[in-house]
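Residue numbers (our numbering): 196 to 409.
Below is one structure, written out as structure tokens, with a few remarks after it.
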Ligand SMILES: Nc1ncnc2c1ncn2[C@@H]1O[C@H](COP(=O)(O)OP(=O)(O)O)[C@@H](O)[C@H]1O
Ligand SMILES: [Mg+2]
């Protein structure tokens with residue numbers, strides 16, 4: 196374990212990781228530890244966990260350099276990554292209970308984050324509202340997390356897949372705000388990304404392909 200500590204509190208059991216808060220030099224930090232998957236051959240399992248941890252660290256850095264709000268990485272080893280702890284709910288947890296003004300602000304930040312990621316040649320790979328934290332503060336700022344499935348890509352198709360996933364996530368978790376959310380997110384996305392139109396066109400194709408397949 197990277198940070199043996201008396202204070203270690205598990206805050207989330209993700210799909211592939213255990214997330215805990217611990218203290219380092221008196222500051223709270225977040226430890227993301229990718230857990231063993233029993234259905235994978237052990238050697239392969241270890242390789243995948245290390246690989247995703249490395250990817251996450253690398254792409255988190257790339258995103259931050261591109262001006263996307265994402266947690267700072269303090270340290271990594273093996274399948275563990277220690278990063279900045281962001282206090283605040285995920286968008287998935289808070290969007291449905293927010294006022295309209297706050298929702299609109301969140302959409303704008305979501306669209307801008309997606310645009311900045313894509314502009315920097317990053318496909319997030321799991322761009323859902325569970326992977327966005329609205330960090331407490333004045334103003335509240337949207338942070339993008341969970342870069343384990345990300346990759347560097349300038350391909351329009353990859354960017355459109357990100358948008359498709361985001362759309363599906365909003366449909367699934369925030370259905371009554373779907374139209375409002377999508378309109379505002381796309382507006383901000385276009386505003387911050389000159390070739391947004393191409394990604395949106397490709398998104399249309401993905402949707403049509405899906406529909407025909409049923
Ligand atoms: N840096 C962070 N600060 C605060 N909470 C976090 C942070 N990173 C992750 N979390 C919390 O843990 C959950 C799972 O983390 P995530 O990186 O998305 O792992 P998984 O790959 O398992 O989905 C998030 O939805 C969020 O609630
Ligand atoms: Mg996640």
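Yeah, the Cβ is synthetic: ideal placement off N, Cα and C, and Gly gets one too.
Using the C-alpha atoms, what's the distance from residue 258 back to residue 346?
Note on geometry: alpha-carbon atoms of residue 346 and residue 258 lie some 11 Å from one another.
Along the beta strand (DSSP E) that carries residue 338, what are the first and last residues, could you check?
336-339
Once DSSP output is grouped into helix, strand and coil, what is the label at residue 356?
helix
If contact is defined by three or more beta carbon pairs under 8 Å, each pair taking one atom from either stretch, is the stretch 237-247 in contact with the stretch 295-313?
no
Residue 204 versus residue 407 - alpha carbon distance
Put simply, the backbone Cα of residue 204 is about 47 Å away from that of residue 407.
Reduced DSSP category for residue 323 - H, G, I as helix; E, B as strand; rest coil:
coil
Could you pull out every residue in the same chain whose Cβ sits closer than 6 Å to the Cβ of residue 267, ignoring the five residues on either side in sequence?
The residues 279, in chain order, have a CB closer than 6 Å to that of residue 267 in the same chain once the five nearest residues on each side in sequence are set aside.
Which term fits residue 389, buried or exposed, when burial requires 16 or more other beta carbons within 10 angstroms of its beta carbon?
exposed
Would you check if the stretch 336-351 and the stretch 375-383 touch, i.e. whether three or more CB-CB distances between them fall below 8 Å?
Counting C-beta pairs with one atom in each stretch, the stretch 375-383 and the stretch 336-351 have fewer than three that are closer than 8 Å, which means they do not touch.
Within a Cβ cutoff of 7 Å, which residues of the same chain sit near residue 281, ignoring the five residues on either side of it in sequence?
266, 328, 330 and 338
Beta-carbon proximity list for residue 314, same chain, < 6 Å, skipping 5 on both sides
Close CB contacts of residue 314 within its chain, under the 6 Å cut and outside five residues either way in sequence, are with 388 (chain order).
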